[in-house]
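Residue numbers (numbering that gives the first Met the number 0), protein chains in the order written: chain A, 0 to 162; chain B, 0 to 162; chain C, 0 to 162; chain D, 0 to 162.
4 protein chains.
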Amino acid sequence: MPRKPVIAVVGSGSDIEPAISNARELGRLIAENGWILISGGRDAGVMRAADEGAKEIEGSLTVGILPDRDGDVSPAVDVAIVTDTGQARNNIIGLSADIVIACGVDGAGTASEVSLAIKNGKPVILVGASEEARRFFKQIGKDRVYFADSPREAISIANQLLS
Amino acid sequence: MPRKPVIAVVGSGSDIEPAISNARELGRLIAENGWILISGGRDAGVMRAADEGAKEIEGSLTVGILPDRDGDVSPAVDVAIVTDTGQARNNIIGLSADIVIACGVDGAGTASEVSLAIKNGKPVILVGASEEARRFFKQIGKDRVYFADSPREAISIANQLLS
Amino acid sequence: MPRKPVIAVVGSGSDIEPAISNARELGRLIAENGWILISGGRDAGVMRAADEGAKEIEGSLTVGILPDRDGDVSPAVDVAIVTDTGQARNNIIGLSADIVIACGVDGAGTASEVSLAIKNGKPVILVGASEEARRFFKQIGKDRVYFADSPREAISIANQLLS
Amino acid sequence: MPRKPVIAVVGSGSDIEPAISNARELGRLIAENGWILISGGRDAGVMRAADEGAKEIEGSLTVGILPDRDGDVSPAVDVAIVTDTGQARNNIIGLSADIVIACGVDGAGTASEVSLAIKNGKPVILVGASEEARRFFKQIGKDRVYFADSPREAISIANQLLS
């Protein structure tokens, strides 16, 4: 039996809309598709919202890749991987995912997650990104970068990439 | 609902007995207890044996913490975490586990996993370790290090540590 | 005696102009100021050019933070730090530098270096960045991000930041 | 001009004799040989003693590989590499050194440094190690592990290994 697809949802640790609502819906849709959700694992922002969305679905599996050994962990994380590598854990998120979906690129942490995923050859889907983020990541990521206006559209793109 | 306990099984990437048989039985027993199994994830030695043992049990969950992005992954791994940090991934294994069980300490990789787990304050159970390994790790690990003569004894110790 | 300032020069591993010429001049100017140069250490692109520029100055010190254990190392690197953490070494570059200077942001690797430096609270100076890069990093980095049109201007900004 | 040899001195962060005196003498001898000293970089125990010993010699160069971004740094460190990878930085120390010299193996951190160095194929010299440590590391490290009774003997072995 092949391994289930692993989809990462990344984004800000702050509660910024519409990133939070999008993340929650993405988590739910990823779980409904039977995929494994990977995130930064903290009890904050997009990470928490995505994991909580996934846990609304029975049988879902959420894996959190945590930066620090003493940090907060979302209760919605099923498996907590404690890297103790600080922001370098952003590289592990992308390497472990088949596809990375970013809910907004509102901060430098998310920008690093998107950049590292592209650098490592992973497809990245930006949902609700600013015009500045879209232009920049199109420039450096070329055909590895996709844009979606909604979680449903992002999942539709992911489905095509996985098939 | 609290997170399920996470138990790491570590050991050589070579097929050395009785480490391999012990690892397979440990994997099975960990899964029977409803715990999550974490390992080095490669398709070799103790890692493969532990993961295969766990997958004999329905509903088991195996997480592999892989050293390299291009390395082999055991088909018995459910979730592959690709760290691309080489042997530094040995630190992540211990940090992510509640308890580390070593099937023999036959090589330097396993010795580093045991040492790092002790350093990070995790309890370590050595199964079938050499006299030299037992004496050394008792000296540096003191009451964090336990010894077991069989997988069943190791699981019994783990049960006490978790309760 | 306080430690000497450490300045990182980051950029593409490809030979893109004017990034290469800028990197060489930056390396030379950093060394002339008596600062330590840190780079990605590989024998390629901006890394090599910056290190070679610095080694034109007697008494210079160049430190390379290398991604892989088997990779190429520039002969112009005095001290090779072998991280074996792949692209996660980009985080170590920023954390170890007082200031990060990017010669162009032409690829995802450099974008991650700039993002991680900002995330870790370090000042970043972009030299010769595209309009898209300038707008994006101004948006996410705010007053931590500086822009320079030439190596000399970048060094002038660095001097103010260090004083 | 080839890069200067890089020698790591590792050991406890506590002030244990004779490890501290040995580390100080090793630092001095390494510097007198014109080699670069690498250590864990903290302002404690063997790390501090080795770096201080080296800085007694004019023209010496000391590089500290630090575990945490907010930790203490020895004033005797010339170049501070901030890894923010916790104990995983022990892997970087060994990978970046031509030879690793351990002043006692009194704790789990040092045991991991020695183990990781062996695993990565580096020669390791144990100075003043306990009988238990000598037996264990001889067992797992075989001909990669050397024993010395004094700093001078360790430096003599290092000289042979480098020639």
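Ideal Cβ placement from N, Cα and C applies to all residues, glycine included.
Buried or exposed by the 16-neighbour rule on C-beta atoms within 10 Å, applied to residue i
i, result
"M46(D)", "buried"
"S111(D)", "buried"
"K141(D)", "exposed"
"P74(D)", "exposed"
"E24(C)", "buried"
"Q86(B)", "buried"
"R88(B)", "buried"
"S162(B)", "exposed"
"S114(D)", "buried"
"A59(C)", "Just to set this straight, residue 59(C) is Ser in the shown sequence, not Ala. So S59(C) ends up on the buried side."
"D69(A)", "exposed"
"R170(A)", "Since the first residue shown for chain A is 0 and the last is 162, residue 170(A) is missing from the structure and cannot be characterised."
"G33(B)", "exposed"
"S13(A)", "exposed"
"D50(D)", "buried"
"P1(C)", "exposed"
"D148(D)", "exposed"
"G93(B)", "buried"
"G108(D)", "buried"
"G39(D)", "buried"
Distance cut-off 7 Å: residue i Cβ against heavy atoms of the ligand COA
i, result
"G26(A)", "Only the bare structure without any ligand can be found here, which leaves the ligand COA out of the picture."
Contact set between residue i and chain C, taken where Cβ atoms lie within less than 9 Å
i, result
"I35(D)", "D77, V78"
Collapsed DSSP secondary structure at residue i in the structure displayed
i, result
"A79(B)", "strand"
"T109(C)", "helix"
"A164(C)", "Given a span of 0 to 162 for chain C in the structure shown, any question on residue 164(C) remains unanswerable."
"L160(C)", "helix"
"L28(B)", "helix"
"G120(A)", "coil"
"A22(B)", "helix"
"L60(A)", "coil"
"S38(B)", "strand"
"A128(D)", "coil"
"V45(D)", "helix"
"G10(C)", "strand"
Any chain B beta carbon closer than 8 Å to residue i
i, result
"S129(D)", "yes"
"V99(A)", "no"
Within-8 Å CB hit, residue i to chain C
i, result
"R68(B)", "yes"
"R47(D)", "no"
"V62(D)", "yes"
Cβ of residue i within 8 Å of any chain D Cβ
i, result
"F135(B)", "yes"
Chain B contact residues for residue i, given Cβ-Cβ distances below 9 Å
i, result
"R186(A)", "Residue 186(A) falls outside the range modelled here, since chain A spans only 0 to 162, and no answer is possible."
Closer than 7 Å at the beta carbon, the chain C residues around residue i
i, result
"G140(A)", "A107"
Interface partners of residue i on chain D, CB under 7 Å
i, result
"N119(B)", "Q86"
Under 7 Å by beta carbon: chain A residues contacting residue i
i, result
"S114(C)", "A107, A110, S111, S114"
7 Å Cβ cut-off: residues of chain B touching residue i
i, result
"A132(D)", "F135"
At a Cβ cut of 7 Å, what residues of the region 70–97 of chain D count as close to chain A, listed as they run along the chain? Correct list: D83, T84, G85, A87.
Under 9 Å, CB to CB, which of the residues in the region 4–18 of chain B have a partner in chain A? Flagged, chain order: V5.
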